Structures are given as C-alpha cells and as structure tokens.
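Residue numbers (our numbering), protein chains in the order written: chain U, 185 to 504; chain A, 971 to 1427. Have a look at the structure below, then the notes.
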Amino acid sequence: MEFNSNTNHRLVIASSPHLHSRWSTKQAMWLVVLALLPSLIASVIFFGVYQLLIVTTSVFFSVLTETLIKKIRKKKISIADGSAIITGLLLGLILPPNFSITSTAIGAVFSIAIGKEIFGGLGFNIFNPALVGRAFLQAAFPVAMTTWQKPYYAVDTITSATPLASFKFDKAVTEIQPLILGNIGGSIGETSAVAIIIGGVFLIGIGIVNWRIPVSMIIGIMLISAIFWLVDPLKYASPLFHLFAGGYLFGVFFMATDWVTSPITAKGMWIFGIGIALIVVVIRTFGGLPEGVMYSILIMNAIVPIINRLTTPKIFGADK
Amino acid sequence: MPNHSEVKIGLKMSLISKLKTFKGGIHPKEYKSLTNKMEFETIPIPQKLIIPLAQNLGNPSISLVKKNDLVKTGDIIAEQNGFVSSIIHSPVNGKVTKISNHPSVTGIPINSINIEKIDSNEINLMSILDPERISSEQIIERVKYAGIVGQGGAAFPTYVKLSPPKGKKIEHVILNGCECEPYLSRDFRLMIEKPEEIILGMQLIIKAVSATKGTVGIEDNKPEAIEMIRNAAKNYQNISVEVVKTKYPQGAEKMLIKAVTNKEVPPNKLPFDVGIVIQNIATAISVHDAIIKGMPQISASLTVSGLGIKNPKNLIVPIGTPISDILDYCGGIVQNTVRIIAGGPMMGASIYDLSTPVMKATSGILVLTEEEITHKEETNCLRCGKCVEACALNLIPTRLARLSLLDKLELAETQGITICMECGSCAYTCPANIPLAQWIRYGKQKVLSLQKERKSA
Chain U
185 MEFNSNTNHR
195 LVIASSPHLH
205 SRWSTKQAMW
215 LVVLALLPSL
225 IASVIFFGVY
235 QLLIVTTSVF
245 FSVLTETLIK
255 KIRKKKISIA
265 DGSAIITGLL
275 LGLILPPNFS
285 ITSTAIGAVF
295 SIAIGKEIFG
305 GLGFNIFNPA
315 LVGRAFLQAA
325 FPVAMTTWQK
335 PYYAVDTITS
345 ATPLASFKFD
355 KAVTEIQPLI
365 LGNIGGSIGE
375 TSAVAIIIGG
385 VFLIGIGIVN
395 WRIPVSMIIG
405 IMLISAIFWL
415 VDPLKYASPL
425 FHLFAGGYLF
435 GVFFMATDWV
445 TSPITAKGMW
455 IFGIGIALIV
465 VVIRTFGGLP
475 EGVMYSILIM
485 NAIVPIINRL
495 TTPKIFGADK
Chain A
971 MPNHSEVKIG
981 LKMSLISKLK
991 TFKGGIHPKE
1001 YKSLTNKMEF
1011 ETIPIPQKLI
1021 IPLAQNLGNP
1031 SISLVKKNDL
1041 VKTGDIIAEQ
1051 NGFVSSIIHS
1061 PVNGKVTKIS
1071 NHPSVTGIPI
1081 NSINIEKIDS
1091 NEINLMSILD
1101 PERISSEQII
1111 ERVKYAGIVG
1121 QGGAAFPTYV
1131 KLSPPKGKKI
1141 EHVILNGCEC
1151 EPYLSRDFRL
1161 MIEKPEEIIL
1171 GMQLIIKAVS
1181 ATKGTVGIED
1191 NKPEAIEMIR
1201 NAAKNYQNIS
1211 VEVVKTKYPQ
1221 GAEKMLIKAV
1231 TNKEVPPNKL
1241 PFDVGIVIQN
1251 IATAISVHDA
1261 IIKGMPQISA
1271 SLTVSGLGIK
1281 NPKNLIVPIG
1291 TPISDILDYC
1301 GGIVQNTVRI
1311 IAGGPMMGAS
1321 IYDLSTPVMK
1331 ATSGILVLTE
1341 EEITHKEETN
1351 CLRCGKCVEA
1361 CALNLIPTRL
1371 ARLSLLDKLE
1381 LAETQGITIC
1391 MECGSCAYTC
1401 PANIPLAQWI
1411 RYGKQKVLSL
1421 QKERKSA
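As structure tokens, then:
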C-alpha cells in the first residue's frame, strides 16, 4: 500500500451515513432462491424430475415477460435483481405435479405482466405476483389445477387427493408424519413441511424474513382452529392438521413474507399474519374449497396499505 | 477494586438479566480495534492554524482580533454573541495573518481567524479554583469563560446546558460513555487514561445543576472502561455506572436517557424537561480542566482511523489544526481513499478540502477506502420494513423519504419529520440502498424553514 499526504487526492463528498449494511436487493433475492432449493429437491424426490421442467418453464417465462415489458417501456432491464426468478420459482412450486407446460408458461406471463409490471414493477405491486398467476390458472384450468399426482412413496391408504380435500369431502384424516415429510398429494413444492421449514428458518435466521409474520400465522392458525376442534374433534380438523396440510407452511415462509406485499410495521405484521390464519380456517371450514391459503394471502395483500396506515407507531416520547 | 474477570462475570450476568437499552437501532461493524489500544499522543503545534468563528451550535462568535495582532495561548480571540454562543481562545502563540472564509467540517465555509505560529512557551491561563468550595454559579461562569462546547457531536455550548430554564428541577446527570459510532475510541481511551478527571468533572457538573445523582452510561463492549470508571467513582456515593447494550445509536441523548432511566424525552423537548442533564465524557474533562487547571478549551481529543490512514491514532490536537497536518502526522493516506470524514461514519460530515481545520467538537477524522464504503445499486423501495424496525424514534423512514422526494412537506411534518435526529440507521439498513436519511434531512430542513416562515408571518 502506498501512503502519501498530497492534497491532490480525489475525494468523494457524500451526506452521512457513510457506512452501509451488507444488504442489497439483489443479494436478498438470491438468498430467497437458495432457501427454495430444499422444497425443489423434495418435489423431485416425491413427484419426479418432470417437476423441474415445470419450474424451469415458469422461471424462464417470468424472466422473459419482465424483460420484454421493460424493453417496451424503455426501462432498465432488471433480471439481475432476481425478483422475476423468485416469482417464477414460487409459481412453479405451487402448481400441481405434472401440470401442463403450456399452461405453466401462461401462468408465468400473467404473474409478471398483471401481478407485477402493470403496477410499475418491483416494489409497487399490491398482490403477490406468483399468487396472482396461480389464481388466474385456477380460474382458467380448474380441473387441471386440482388433479393431483400420487407421490412415489405413498402408502396405500393415501389417495391422490390432497389431505385437505380428503378431509373436506370424506372426513378422512391424514396422519401428521407424512404431512411433515411430504409424502402426500399436493402442489409441487408444498407437500414437504421439513423442506419448507429448513428454507424458512434459514431466511428468518439471516434476517431476510421478519419473524413476526411466520410466528403470527402459525400461532394464529393453531389457536383459531383449536376453537373449532375443541367443540367437535370429529367434524373439525385438528390444529396440527391445519398447520401442516396443504400450502399453509409454504404460504407462511415464502408467500406471506414477500417484502413488497406485506406490512412494514411490527403491529401490522401481526395483524396481517393472524388475518391470513383466520381467513384460511374460515375458507377450509365453511367454504367450498379445501384449501384457501392463496385467497387468504391475496385478500390480506389488498388491505396492507390500510394496515400500514392504521398501525403507524406512536413517535418516541409522544403522548398519543 | 473489582478485577477484570469479576467485571466480565458481572457483564455476563447482566447479559442474562438483559442489558438496558432502547427499541430499534442497528449493529454496524465496529472497527474499534484499529485504535482502542492506542494511547493519546499530543500532536506538535502546526505552523498555521485556522480557527472558525462558529465552534458551537447557535450564534457564531465575534472576532476580537485583527490582522497582524499578536496573540498568546489562552488569550480570548473571539467573544460570545448572545446566549447560545461561546468564547474562543487562542490555541497558540502567534500572529493573526488574516480573517476570512475557509472550508469547515460543517460543509459550509466559515469566517475563520488564521494564526501563524511563533515559537514561545507563554500561556495565559485562568485562575485555579477549589472544587470543594466552588459554588454552582461559579462553575457555570467558569465553563462559560472557558468556552466549553459539548463534544458529543452537536457542539452545544455547555454552560447553556448547565443553566436550565427557571422552574426546571434537574435531578439526574448522565455522562455519555457509549461512543456508539463505529471507529471512534476517543471516549473509551479517555475513560481508561483519565477516569479520575472524568469523575471529578462529572461531580462538578452535578454540583452546577444541583442534581442529586449521576450515572455514567457505558456500552457493554467496553469492559476495561467500565472497570476504570467504577473504580474511580467508588468513593462517590451519588455516582454509579450503568452498563447498557452495545447498539447504535445508544449514545443519542434520548436513547441513553431511555436506557438509563426508562424516561422518554417527548418530541421537541429537551432532557431538561424530564429533569436530566446529559454530557459527553470529553466535555466532563474540559469542565475538570477549566476549574482545576484554569485551562480553556483550546484543544480537541479525537480518533484518527479508517483503513485509509497508515497509522491510526488517538490524538490531542490544538483547535484550528488543518486535517492535512493530522494526516501527515499519522503517516499519510492510501491511494484508494475515497472519503475523509470529520466525526463518526454514521453522522460525520465528509470533507472536500484537506486544509479544513479541527473544531472544538471534532471527535474523529476518518479516512475511508473503497473497501469500507460500498456502493450498491439503488432500487425501488421493497417495503421490507427494515428501516421501520431500525428507527429508534418510531418514525416510518421510507414514508418520510418518499414525502420529502415528492415535496409533500405538510404531510411529512405531521408524520414527525422534524423529530428525526439523522442518526442514519434507516439508510444503513436499507437493502434497496435508498438514501433515506439524506432525503429525510433534505425534507426536514425544508419543513423547518417552513415553520420559521409561519412563525414570522
């Protein structure tokens, strides 16, 4: 290193603070991709290599759509920030196994175009883009979206219906253990609770996911479903079943915690999480659908701005 | 006397019982090890000194000298202008060469007295006072005539802080030994090297405001300082040490008061209003020196650090010393230096001219390289809420920054933009790299001038 003290040195003038944390949008997004890998691996184990093709298609069309729209709008290409890749991955992982490639592509285009770019791109979208895409596919291809492949290692008693559907329509209860491992019917990346929790705990640990949303969602669904379950355990599903069945945990760690579409205040995060849990239990218990995570999150996404406004914290030292 | 391991055990116990602190804040990398083993050195008096006539927050001082005047060390060269202002003494024996505008650490050029050094050992001190017999009024008077300003960063005239408005009863004096800014180890070294002076200075401050007790707040990352101060204070029943959590901005007045007393200073109010006076470690030493040695505040103690300086040091320098002299004394700077800062890296100002002089409240000179200052691309706000969680004053930084950008000043005002202390935690933590603190500072200034207009209208 060469030291000198001549005054011809070029200095940069800037306003404080002069230090910055290690965080950047790009880095955070890639860490989310990393956290999704266990779920992706689990899906291959339980449903086969074909699922990788679905996920890849979804990612490819997400990135392509974003790039095209940015080109048309003459904005900077933003592939490097990784957000389109995440949307693609998330959408792919919440589709049924062996879903049609063409429909997957349509869903991905819809996610990015209508879910995100139409609002002005990353940071301005109100709804979780992947869920917007899935909601569209649900409406456009209702049968394909509810056709579930039997997982490879399923024991005989488990049919290809999802545990939630079995419970809703036949009152058939699935044991908790296969729910945790993922050896059950369900969406590509949603069936293995273990894989989801590994990724989710990683994201909380490194500080990308704020713990309040997962914790409030988990506590929320356990408490709310416990009320029904205690009234009539035969008619209503148990709290653990609610927690581990369907896409709830995937929603807890990867969907509801999406930065852009969740509240920014601490209190708001609690309201958001408990609100989702409440709507999920209501839909599953009284609605016509066995699932409900997607709609719950989308509904709560819609009221995030008002949650933020109503939960603005009291300024330090102020009376009210 | 507690030995080192006892203090460590004590610290562990307090960790289990949860250290006192405030809500929010951040944990930036500390970089303290660059200088926290370095004993203070006194820099030789430079050939030429430049003394800005605005050393304090408030009114600039008025020069009492003119070109070609000869001055002695300790001579008053500028007088106070109004209540919130301070006296300035000459730090050297020399000759006034000119009085003109010069770049300053505030970013704005300030009218400054230039003095050329003359070799001589003459010094004009004030009388020495007996700390046992001195009255409250005499302490305040002496602090005023010694030209002492707060050395925690804001440079508020200390005697004003010791003169609470009528009817405000001060019960508690808090000495701020947090030093939560990264890199800086000035207060830490002072606590290790001059603990008795600090405690005696604090005792004088307690006497000046007729308080009943004093607490030294020190972050738990400074066990040696905690031990030294505890030891120095053991004969004073009314003074205790409170170990607080290491977290930025723990050293902000409101945050330290919250940690030590659990009181919250309301928006637009001062520590006075909750019965507290809070002073910095270096300020306590200045008070001590003014009374015990008759020494006016003519030097600044500071940390010179950063990966860009060859020999990081803790220095005592005459006020008015150009930064270039300090960099020379510390062995020079590296080629990939990108920023030089007066103060800490979170709240300090970046320097554009190396002849900028040190002021009474300058706590550090940092020479930062590309390695320390990373430039990441700014993206849209991702609404992650990290800034909201970091804000110690419960503001919504992303909202305030956006309102400032859109010039929606009335809305920003109702959202509390003027409460912001500009600690920079929000901008530090933002993954989208939005200059939140900078936008808020811009909006805050605009709102403040709007409020001024409204008042005068």
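C-beta atoms are modelled at their ideal positions from N, C-alpha and C, and glycine is treated no differently. Source: prediction; values computed, not measured.
**Message:** Check this for me: beta carbons of Ser208 of chain U and Pro1401 of chain A, under 9 Å apart or not?
**Reply:** Here residue 208 of chain U refers to the residue found at position 24 when the first sequence is read from its first residue. Here residue 1401 of chain A refers to the residue found at position 431 when the second sequence is read from its first residue. Yes. Within cutoff.
**Request:** For Gln1249 of chain A, write down the residues that DSSP places opposite it in a beta bridge.
**Result:** In the second sequence, counting from the first residue as 1, residue 1249 of chain A sits at position 279. Looking at the DSSP assignment, Gln1249 of chain A forms a beta bridge with A:Leu1145.
**Message:** With a threshold of 7 Å on Cβ separation, who are the neighbours of Asn188 of chain U within its own chain once the five nearest residues in sequence on each side are excluded?
**Reply:** What you label residue 188 of chain U is simply residue 4 of the first sequence in a count that begins at 1. Here the model assigns Asn188 of chain U a pLDDT of 49, short of 50, so the residue's position is not dependable, and the following value carries that caveat. Counting only Cβ-Cβ distances below 7 Å, and skipping sequence neighbours, we find nothing.
**Item:** Segment limits, alpha helix (DSSP H) that includes Phe428 of chain U
**Value:** As a working note, residue 428 of chain U is residue 244 in the first sequence. Boundaries of the alpha helix (DSSP H) harbouring Phe428 of chain U: Pro423 to Phe428, taken from the DSSP string.
**Asked** What are the residues that DSSP puts in a beta bridge with Phe1010 of chain A?
**Response** Your numbering for residue 1010 of chain A matches position 40 in the second sequence. The partner list for Phe1010 of chain A (beta bridge, DSSP) reads A:Asn1284.
**Item:** Secondary structure of Tyr1001 of chain A, DSSP reduced to three states
**Value:** Counting from 1 along the second sequence, the entry for residue 1001 of chain A is found at position 31. DSSP places Tyr1001 of chain A in coil when its eight states are reduced to three.
**Message:** If I follow the unbroken alpha helix (DSSP H) through Ala1397 of chain A, where does it start and stop?
**Reply:** Along the second sequence, read from residue 1 onward, the residue named residue 1397 of chain A stands at position 427. Unbroken alpha helix (DSSP H) run through Ala1397 of chain A: Ser1395 to Thr1399.
**Message:** Let me make sure I understand the geometry here. Which of A:Leu1338, A:Cys1357 and A:Tyr1412 has the alpha-carbon closest to that of Ser1374 of chain A?
**Reply:** What you label residue 1374 of chain A is simply residue 404 of the second sequence in a count that begins at 1. Among A:Leu1338, A:Cys1357 and A:Tyr1412, the Cα nearest to that of Ser1374 of chain A belongs to A:Tyr1412.
**Residue burial classification, Ser242 of chain U (beta-carbon count within 10 angstroms, cutoff 16)** = Position 58 of the first sequence, counting from 1, holds the residue named residue 242 of chain U. Buried.
**Message:** Rounded to the nearest angstrom, what separates Ile483 of chain U and Met453 of chain U at their Cα positions?
**Reply:** As a first step, residue 483 of chain U is located in the first sequence; it is residue number 299 there, counting from the start. As a first step, residue 453 of chain U is located in the first sequence; it is residue number 269 there, counting from the start. So the alpha carbons of these two residues sit roughly 15 Å apart.
**Request:** Note down, in chain order, every chain U residue with its Cβ under 7 Å from the Cβ of Pro1315 of chain A.
**Result:** Here residue 1315 of chain A corresponds to residue number 345 of the second sequence, with the count starting at 1. The contacting residues are Pro201, His202 and Leu203.
**Message:** Please list, in chain order, the chain U residues whose beta carbon lies closer than 9 Å to that of Arg1353 of chain A.
**Reply:** Within the second sequence, the letter at position 383 stands for residue 1353 of chain A. Near Arg1353 of chain A (Cβ distances below 9 Å), the residues of chain U are Gly307, Trp443, Val444, Thr445, Ser446, Pro447, Ile448, Val488 and Asn492.
**Request:** Apply the 10 Å Cβ neighbour rule to Thr286 of chain U and answer buried if 16 or more other Cβ atoms are within range, or exposed otherwise.
**Result:** The sequence position of residue 286 of chain U within the first sequence is 102, counting from 1. Label assigned to Thr286 of chain U: exposed.
**Cβ-Cβ distance between Ile372 of chain U and Leu433 of chain U below 9 Å** = Within the first sequence, residue 372 of chain U is the residue found at index 188, counting from 1. Within the first sequence, residue 433 of chain U is the residue found at index 249, counting from 1. Their beta carbons are not under 9 Å apart, which means Ile372 of chain U does not touch Leu433 of chain U by this criterion.
**Request:** Note the first and the last residue of the continuous alpha helix (DSSP H) segment covering Ala212 of chain U.
**Result:** Taking the first sequence and counting its residues from 1, one reaches residue 212 of chain U at position 28. It spans Thr209 to Phe231 - the alpha helix (DSSP H) in which Ala212 of chain U sits, taken as one unbroken run.
**Message:** Would you say Trp413 of chain U lies against chain A (beta-carbon separation less than 9 Å)?
**Reply:** As a working note, residue 413 of chain U is residue 229 in the first sequence. For Trp413 of chain U, the answer is no, since every Cβ of chain A falls outside 9 Å of its Cβ.
**Proximal residues, the region 1314-1336 of chain A versus chain U, C-beta separation under 9 Å** = Gly1314, Pro1315, Met1316, Met1317, Gly1318, Ala1319, Ser1320, Ile1321, Tyr1322, Asp1323, Leu1324, Ser1325 and Leu1336
**Request:** Would you mind sorting Asn1238 of chain A into buried or exposed? The rule is 16 or more other CB atoms within 10 Å of its CB.
**Result:** Taking the first residue of the second sequence as position 1, residue 1238 of chain A is located at position 268. Burial call: exposed.
**Request:** Compare the C-beta of Leu1370 of chain A against all C-beta atoms of chain U and say whether one is closer than 9 Å.
**Result:** Here residue 1370 of chain A is taken as the residue at index 400 of the second sequence, counted from 1. Not an interface residue.
**Asked** Mind checking if Pro1079 of chain A is an interface residue toward chain U, Cβ cutoff 9 Å exclusive?
**Response** For the purposes of this step, residue 1079 of chain A is identified with residue 109 of the second sequence, where counting begins at 1. For Pro1079 of chain A, the answer is no, since every Cβ of chain U falls outside 9 Å of its Cβ.
**Message:** Using the Cβ count rule (16 or more neighbours within 10 Å means buried), how would you classify Glu1212 of chain A?
**Reply:** Within the second sequence, the letter at position 242 stands for residue 1212 of chain A. With 16 or more Cβ atoms within 10 Å of its Cβ, Glu1212 of chain A is classed as buried.
**Request:** Within the same chain, show all residues whose beta-carbon is closer than 7 Å to that of Trp395 of chain U, passing over the 5 residues directly before and after it, in chain order.
**Result:** Working through the first sequence from its first residue, we reach residue 395 of chain U at position 211. Same-chain partners within the cutoff: Ile388.
**Request:** May I have the straight-line CA-CA distance separating Gly369 of chain U from Asp354 of chain U, to the nearest angstrom?
**Result:** Within the first sequence, numbered from 1, the residue matching residue 369 of chain U stands at position 185. Within the first sequence, numbered from 1, the residue matching residue 354 of chain U stands at position 170. Whole-angstrom Cα-Cα distance: 15 Å.
**Thr330 of chain U and Ala349 of chain U closer than 9 Å at C-beta** = Working through the first sequence from its first residue, we reach residue 330 of chain U at position 146. Working through the first sequence from its first residue, we reach residue 349 of chain U at position 165. Contact: yes.
**Prompt:** Excluding five sequence neighbours on each side, which residues of the same chain lie with their C-beta closer than 6 Å to the C-beta of Gln1121 of chain A?
**Reply:** Translated into positions along the second sequence, residue 1121 of chain A becomes position 151. The residues Asn1250, Ala1252, Thr1253 and Ala1331, in chain order, have a CB closer than 6 Å to that of Gln1121 of chain A in the same chain once the five nearest residues on each side in sequence are set aside.
**Request:** Indicate whether at least one CB of chain A lies closer than 9 Å to the CB of Pro398 of chain U.
**Result:** As a working note, residue 398 of chain U is residue 214 in the first sequence. Not closer than 9 Å to any Cβ of chain A, the Cβ of Pro398 of chain U fails to qualify, so no.
**Request:** Could you tell me which of A:Lys1416, A:Asp1323 and A:Glu1086 sits nearest to Val1041 of chain A, measuring between CA atoms?
**Result:** For the purposes of this step, residue 1041 of chain A is taken as residue 71 along the second sequence, with counting starting at 1. Checking every option, the nearest Cα to that of Val1041 of chain A belongs to A:Glu1086.
**Message:** Run through the DSSP bridge pairs and tell me what Ile1020 of chain A is partnered with.
**Reply:** Along the second sequence, one-based indexing puts residue 1020 of chain A at 50. Under DSSP, Ile1020 of chain A forms a beta bridge with A:Asn1084.
**Prompt:** Whose C-alpha, out of U:Leu494, U:Gln211, U:Ile491 and U:Ala421, is nearest the C-alpha of Phe470 of chain U?
**Reply:** Start at 1 with the first residue of the first sequence, and residue 470 of chain U comes out as number 286. Taking Phe470 of chain U as reference, the option from U:Leu494, U:Gln211, U:Ile491 and U:Ala421 with the minimal CA-CA separation is U:Ala421.
**Request:** Would you please state the rounded distance, in angstroms, between the beta carbons of Met213 of chain U and Leu315 of chain U? I believe it to be under 8 Å.
**Result:** Taking the first sequence and counting its residues from 1, one reaches residue 213 of chain U at position 29. Taking the first sequence and counting its residues from 1, one reaches residue 315 of chain U at position 131. The pair is not a contact, with the Cβ atoms about 18 Å apart (cut-off 8 Å).
**Prompt:** If we cut at 9 Å on Cβ distances, does Gln1408 of chain A have a partner in chain U?
**Reply:** Residue numbering aside, residue 1408 of chain A sits at position 438 when the second sequence is read from its first letter. Interface residue, yes.
**Message:** Closest to Arg1159 of chain A by C-alpha separation, out of A:Ala1319, A:Cys1351 and A:Lys1002, would be which residue?
**Reply:** Position 189 of the second sequence, counting from 1, holds the residue named residue 1159 of chain A. When each option's Cα is compared against that of Arg1159 of chain A, the closest is A:Lys1002.
**Prompt:** Would a check of beta-carbon distances place Asn485 of chain U closer than 9 Å to chain A?
**Reply:** By one-based count along the first sequence, residue 485 of chain U stands at place 301. No, its Cβ sits nowhere closer than 9 Å to a Cβ of chain A.
**Prompt:** Which residues in chain U sit within 7 Å of Gly1386 of chain A, going by Cβ to Cβ distance?
**Reply:** Locating residue 1386 of chain A in the second sequence gives position 416, where the first residue counts as 1. Under the 7 Å cutoff, chain U gives Ile499.
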